[in-house]
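Numbering (the numbering used here), first residue to last: 296 to 419.
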Amino acid sequence: MKKTILLAPLLLLMSCYNVERNCTDFKTGKFKFEYEIDGVKKTTVFERNDSIEIETFEGKTDTSKVRWVNDCEYVLQKKHPKNKAEEKAISMKILTTSKNSYTFEFGMVGDDAKQKGTVVKIAD
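Listed below in structure tokens is the structure:
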């Protein structure tokens with residue numbers, strides 16, 4: 296009986312830390328990703344369907360193929376890479392979701408270095 300009593304508070308505490316991940320809500324739509332480079336705010340807007348992502352950054356548009364690994368992870372591969380660096384695939388993992396945004400980590404496939412960011416959904 297004592298073990299059950301001790302486990303109850305632990306289970307309650309753990310339930311407070313459940314992370315919301317409704318990744319399927321973000322498989323398609325139009326999104327905005329804002330970040331800072333050398334103190335300057337940059338914005339990328341992209342539209343994604345199940346298999347293609349079209350990104351616009353500083354007036355330039357690029358297309359990538361999307362391959363979903365599971366509901367919360369996918370791999371981006373540039374459709375028309377312009378150099379060796381663009382030939383490398385990028386692994387994307389959605390970590391948490393909210394009503395209209397998600398936090399994710401990304402990095403080159405096979406590379407341990409990861410970065411994090413937040414994307415806002417601006418249209419379905």
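All residues carry an ideal CB built from backbone N, CA and C; glycine is no exception.
Since this is a predicted model, take the numbers as computed values, not measurements.
Determine the burial state of residue i: buried for a count of at least 16 other Cβ atoms within 10 Å of its Cβ, exposed for fewer.
i      : result
Thr356 : exposed
Glu338 : The amino acid at residue 338 is misidentified as Glu; the sequence shows Thr. The residue in question, Thr338, is exposed, as its Cβ has fewer than 16 Cβ neighbours within 10 Å.
Val414 : buried
Phe401 : exposed
Arg343 : buried
Ile417 : exposed
Phe321 : buried
Under a three-way DSSP split, which group does residue i fall into?
i      : result
Ala408 : coil
Thr323 : coil
Lys297 : At Lys297, the pLDDT of 44 sits below 50, so the modelled position is not reliable; the number obtained from the coordinates is stated separately. Helix at Lys297.
Residue i lies in the beta strand (DSSP E); which residues open and close that run?
i      : result
Glu353 : That residue, Glu353, is in no beta strand (DSSP E); it is neither H nor E in DSSP.
_Whole runs of the beta strand (DSSP E) within the segment 329–404, excluding any shorter than 3 residues_ = Those beta strand (DSSP E) runs which fall completely within the segment 329–404 and span 3+ residues are 335–343, 347–352, 355–365, 368–373, 385–392 and 396–403.
*Specify whether the segment 370–377 and the segment 321–334 touch according to this definition: at least 3 beta carbon pairs, one from each stretch, less than 8 Å apart.*
no
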